[in-house]
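Structure first, then comments.
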Amino acid sequence: MTMKTVLLASAAVVLLGTGAANAQKIPVGHLADQSGATSDVGVPFGQGVADALAYINKNGGVGGTTMDVETVDYGYQAPRAISQYKKWSSGSGKVAAIQGWGTADTEALTGFVGKDEIPYYSGSYSGHLTDPTGKGPHGSKPAPYNFFYGPSYSDGLRAMLMWAADDWKKKGGSGKPKYVHMGANHPYPNAPKEAGEQLAKELGFDVLPAVQFALTPGDYTAQCLTLKQAGANYAYLGNTAGSNISVLKACQTVGAQVQFMGNVWGMDENAAKAAGSAANGVIFPVRTAAIWGGDAPGMKIVKEISKVSDAAGTAYRPVHYVSGICSAFYMKEAMDWAKQNGGVTGPNIRKGMYQKKDWVPAGLEGVCVPSTWTETDHRGMDKVNLYRANVTGDTGGSVDELVKAGTIKLEKIATVDVPRKPEWLGW
């Protein structure tokens, strides 16, 4: 069974395996990338969302009401996302909320979801989505109905740059460290580019010209030679793991000695296996307080949710799967509040997102990082957990085997407090 089939099967469980007493179901859209340029990380994240929604439905739904979830693979094509949104936002079947995905499509839909009052929980963490009022000083547009679980791409990069500045000092580096932004010329990798480069300058980095590489795997020897010749010390990988793996391998081959820093989608256990020793040492943010196999109290429910698509309970779930669960449960609890306060409508779900401070969904203690959203600031998380990928040997086995053997290890190295500066809102 392919991962795509498993994800669709999970969606079917949501639709069919409920038997709730209430005939009126809550329509929910789920936009996923199962086959496009970011499916390497879109599949596990989408699986986490789908499994979580199915689990919620099997355990009482939203205050006893079942969600009617439609999962659609849009192949990471923004026009398809917009077309699907038009179906979900019109007529009697208008959805109450959407679990979405990419930056290009999410940013393109921001004005629509605001007008239609449909809460949109994205897999995009673009800083542009964090300003509900549109008053940010960098020209951000109002995004009152956009939410995401995790640090923004900009705040994740800021955290890594703060770490890098300290790392340079600890290593006894002389002169200014050289920083370069890398990624496709696309809204997703570009979202934090200016914010990162400005902070890098403020922290004393010499900022080099950005280096582009496509969202798909390829031969990126030329890019790595550019890094080597420029003497880059720290490089941000703005793409998902699939193409980052190609860069890491190419740079290892040409001997480019660079400290790579991935975005939240830029590295995971699957990528560490695929890249092998080339992934060793990569720094990246992890959105959750625990990863698979941890002993946090909330991992008990996470393991039960995983059985929705893995009845045997033997699958290893990468960091993105667990984050997908958190995203679904924040939406669910906002819906719970809405149902008790006037009904499960978009405006009420949005209000539900503002009811708690340092909020962790019930049962997921120690897994989801405490988050706070307000009517004027949708930067839910200001503490960024940084991890290092450690690869110490041959990666020919399964991810589960490699993690158990310690060949692949995700090591937490720091928690960075990113200031909630007003001038960084929406940027």
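Take the sequence shown: its position 392, counting from 1, is numbered 392 in full-length UniProt numbering, and each next residue is one higher. Yeah, the Cβ is synthetic: ideal placement off N, Cα and C, and Gly gets one too.
Distance CB(residue i)-CB(residue j) smaller than 8 Å
| i | j | result |
| --- | --- | --- |
| residue 371 | residue 125 | no |
| residue 62 | residue 360 | no |
| residue 104 | residue 143 | no |
| residue 389 | residue 279 | yes |
| residue 326 | residue 264 | no |
| residue 25 | residue 73 | no |
| residue 178 | residue 244 | no |
| residue 299 | residue 284 | no |
| residue 180 | residue 235 | yes |
| residue 414 | residue 163 | yes |
| residue 228 | residue 200 | no |
Neighbourhood of residue i by C-beta, 7 Å cutoff - its chain only, sequence neighbours within 5 removed
| i | result |
| --- | --- |
| residue 375 | 132, 354 |
| residue 225 | 254 |
| residue 323 | 45, 48, 149, 150, 287, 288 |
Close beta carbons around residue i, own chain, < 8 Å, minus the five adjacent residues each side
| i | result |
| --- | --- |
| residue 40 | 240, 241, 242, 270, 271 |
| residue 176 | 204, 205, 206 |
| residue 342 | 348 |
Other residues of its chain near residue i: CB distance less than 6 Å, five sequence neighbours each side excluded
| i | result |
| --- | --- |
| residue 120 | 98, 100, 113, 145, 146 |
| residue 333 | 361 |
| residue 88 | 29, 95 |
| residue 365 | 297, 298 |
| residue 165 | 203 |
Nearest to residue i (by Cα), restricted to the options the options
| i | options | result |
| --- | --- | --- |
| residue 128 | 117, 352, 109, 116 | 109 |
| residue 394 | 338, 330, 276, 386 | 276 |
| residue 49 | 319, 209, 295 | 319 |
| residue 420 | 117, 84, 151, 197 | 151 |
| residue 34 | 60, 408, 75 | 75 |
| residue 220 | 199, 236, 246, 231 | 246 |
| residue 381 | 117, 86, 416 | 416 |
| residue 196 | 238, 216, 232 | 238 |
| residue 305 | 346, 317, 295 | 317 |
| residue 291 | 410, 137, 391, 335 | 410 |
| residue 403 | 339, 352, 315 | 315 |
Cβ neighbour criterion (16 or more within 10 Å) applied to residue i
| i | result |
| --- | --- |
| residue 405 | exposed |
| residue 358 | exposed |
| residue 51 | buried |
| residue 422 | exposed |
| residue 122 | buried |
| residue 22 | Any reading at residue 22 is ruled out, since the residue's pLDDT is 41, under 50, leaving its predicted position unreliable. |
| residue 301 | buried |
| residue 60 | exposed |
| residue 38 | buried |
| residue 154 | buried |
Nearest-angstrom Cβ-Cβ length linking residue i and residue j, presumed shorter than 8 Å
| i | j | result |
| --- | --- | --- |
| residue 205 | residue 184 | With 8 Å as the limit, residue 205 and residue 184 do not qualify as a contact, their Cβ atoms being about 22 Å apart. |
Residue i beta carbon near the ligand GTP (any heavy atom closer than 7 Å)
| i | result |
| --- | --- |
| residue 178 | The ligand GTP is not part of the structure shown, which contains no ligands of any sort. |
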